[in-house]
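Only one structure is covered here, and it is reproduced in the block below.
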Amino acid sequence: MGNMIPVATNGEYAAAVRLLFPRGEFWDAQFEGDTDLVAYCAAKAEELARFKVRSSDLFDESVPDTTTELVDDWERVVGISNRGYPLSTRRDEIKNRGLGNVSWQIVQGIVERFGGTLDDFSLPYFPAQFGHTRFGSRFSLPAAFNIVELRISLDVAYRPDMEESVAQTLLGYHLIHFLYRTETDEYVP
């Protein structure tokens, strides 16, 4: 995103720091020439400018799409381990965590990041529905588990990491059944 927060010059910051000192003849004399207070204001001005530039960097780090320095911390917070993938893949993993809705396009994106193709996404079994549950003043369907069947073409080496990524992205009530295409075009677990 770049530097979105305007940064003043060191001279402008030095003048602002100078205004924090008391006014009067004595203090005005302390700022004439090459004095310790002039050096102090210059040092504080450099620090303020550096801080302001880094605040723009912090803004960039606060969004998974632009994070670079804090990607490890993002992964720690959302519960992902760094598996040595490129930065773009790691950012996508962070963004996929905690989605409120899940679709086959999201799962397809995960599989493609690992170099595979999602051949089929299906919900082969539906839970029995025998009634409704009341929460407060709302009626809703009872909580149930859903089985998600994924038919995938993917290199064996990437399967464990891809399965972990999909499992972490899907919601807690999804039971995932991974089926992989073989050389004879059959799908096996």
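Residue 3 is where the sequence shown starts when you use our numbering, and the numbers rise one by one after that.
Virtual Cβ for every residue (Gly too), placed ideally from N, Cα, C.
Problem set entry | Completely contained alpha helix (DSSP H) runs for the region 61-95, where each covers 4 or more residues | The region 61-95 contains, as complete alpha helix (DSSP H) runs of 4+ residues, the segments 73-80 (chain order).
Problem set entry | Proximity to Tyr127 [Cα-Cα], best of Val150, Thr119, Val113 and Asp121 | With distances taken between Cα atoms, Tyr127 lies closest to Val150.
For this session: Taking Arg115 as the reference, give the member of Asp121, Asp122 and Ser90 with the closest Cα.
Result: Ranking the options by Cα distance to Arg115, first place goes to Ser90.
Exercise. According to DSSP, which residues form a beta bridge with Asn148?
Worked result: In the DSSP output, where bridge partners are listed per residue, Asn148 has His176.
For this session: Following the continuous alpha helix (DSSP H) through Ser124, name the residue where it begins and the one where it ends.
Result: First-last for Ser124: Thr119 to Ser124, but that is the beta strand (DSSP E), not the alpha helix (DSSP H).
Exercise. Whole-angstrom Cβ separation of Val109 and Leu120, contact assumed at under 8 angstroms?
Worked result: Confirmed, about 6 angstroms.
Exercise. Can you list, in chain order, the residues of its chain whose CB lies under 7 angstroms from that of Phe33, leaving out five sequence neighbours each side?
Worked result: Only Arg20, Leu39 and Val40 meet the Cβ criterion.
Problem set entry | First through last residue of the alpha helix (DSSP H) which encompasses Gly111 | Taken as a continuous stretch (DSSP letters only), the alpha helix (DSSP H) holding Gly111 covers Trp106 to Arg115.
For this session: Rounded to whole angstroms, what's the CA-CA distance from Asn84 to Leu22? Just pull it up for me.
Result: When rounded, the distance between both Cα atoms is 47 angstroms.
Exercise. Could you give the distance in angstroms between the alpha-carbon of Glu14 and the alpha-carbon of Asp94?
Worked result: When rounded, the distance between both Cα atoms is 41 angstroms.
Problem set entry | Asp59 beta carbon less than 9 angstroms from that of Glu48 | Inclusion of Glu48 and Asp59 in the CB contact set at 9 angstroms is not warranted, their separation being larger than that value.
Problem set entry | DSSP state of His189 mapped onto helix, strand, coil | The sequence as given places Tyr at residue 189; His does not occur at that position. In the structure shown, Tyr189 sits in a strand (DSSP, three-state: E or B).
Exercise. Where Arg183 and Leu152 are concerned, what is the direct C-alpha to C-alpha distance, given to the nearest angstrom?
Worked result: Going by the C-alpha atoms only, they are around 11 angstroms apart.
Exercise. CB-CB under 8 angstroms to Thr69, same chain, minus the five flanking residues each way: which ones, in chain order?
Worked result: Here the set comprises Asp62, Glu63, Trp76, Arg93 and Ile96.
Exercise. Which residues in the same chain have their Cβ closer than 8 angstroms to the Cβ of Val190, if we skip the five residues on either side of it in sequence?
Worked result: Once the five neighbours on either side are set aside, the close Cβ partners of Val190 are Leu181, Tyr182 and Thr184.
For this session: Have a look at the DSSP bridge pairing and note the partners of Ser155.
Result: Answer is Thr119, bridged to Ser155.
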